[in-house]
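What follows is a short report on a single structure.
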Amino acid sequence: MWSLYAPDMRGCRLCLPADFLATAPPVFEAGVPRQELINHLEVRIGKEEFPVTVKYVDGPIKVKYTEDDSILRPQIVDFNAGNRVIVPRLLGIAKRPEWKFEREWRYRIVAVLENLRDPVLKPGGRSEPHFRSIYTLPMLTEALYPKLRPEALKHLVITMGPLAERADWEIASLATERYAPAVTVEESAIALRRRTN
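Its first residue numbered 1090, the sequence shown is counted upward by one per residue in this note's numbering.
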């Protein structure tokens, strides 16, 4: 976070517990924390509203930086015995090398459109118009905001950047006093000396 939002290392890092979403307890599969969302999310496409069923949230996932287009834009739609199968495990985990300075980790929401839950998702079936509209209609909802568990904020830790100045500390202090009094604000474990000319 320091690299992207504060190149001079005056930013801060927010640390929440792994189960910070308003979710069921995390289930660990193949070493990746996975959670199910309780709240119902909705995405708006074109003039229609498509209810979204969230299957799980996984992460944190370390982003890969590559020039390989097959990794940047993976094929996630497959066909098995005439049925359409969506395989999202490779989606959203790669960016081009010019973003490498971000050193990004992501949580990923994996969801399906309620309209696509026909017994058999065959090309040309009842779901075909809805499926194609994902690619042709304008996406009106650009972000989904799952709710946080209120008690998770009690365990939030804000770590100030190693070169944070007095004004930065005051901003963090005022923000936590106003919105989350139980939050801990701490110094970075990284010790750096500011270069002077």
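Glycine included, every Cβ here is placed at the ideal spot set by N, Cα and C.
For residue j and residue i, the rounded distance between their alpha carbons
i: P1239; j: F1109; result: 9 Å
i: E1259; j: P1106; result: 25 Å
i: R1102; j: I1165; result: 33 Å
i: K1236; j: D1097; result: 32 Å
i: V1272; j: A1278; result: 18 Å
i: P1289; j: K1243; result: Look at the range of the chain in this structure, 1090 to 1286, and you will see that residue 1289 is not part of it.
i: L1245; j: V1274; result: 9 Å
i: V1146; j: I1198; result: 5 Å
i: I1247; j: F1168; result: 46 Å
Option nearest residue i by Cα separation, candidates the options
i: G1181; options: P1270, G1250, P1106, D1158; result: D1158
i: E1276; options: Y1268, A1253, A1264; result: A1253
i: R1192; options: K1243, V1176, A1241, V1152; result: V1152
i: L1179; options: R1162, R1195, L1263; result: R1162
i: K1189; options: N1169, V1176, T1155; result: T1155
Segment limits, alpha helix (DSSP H) that includes residue i
i: L1263; result: 1255-1268
i: L1161; result: 1158-1161
Helix, strand or coil at residue i according to DSSP, with G and I counted as helix
i: F1168; result: strand
i: L1281; result: coil
i: L1103; result: strand
i: P1149; result: strand
i: L1083; result: Here the chain covers residues 1090 to 1286 and nothing more, so residue 1083 does not appear.
Extent of the continuous beta strand (DSSP E) run through residue i
i: I1247; result: 1246-1249
i: V1274; result: 1273-1275
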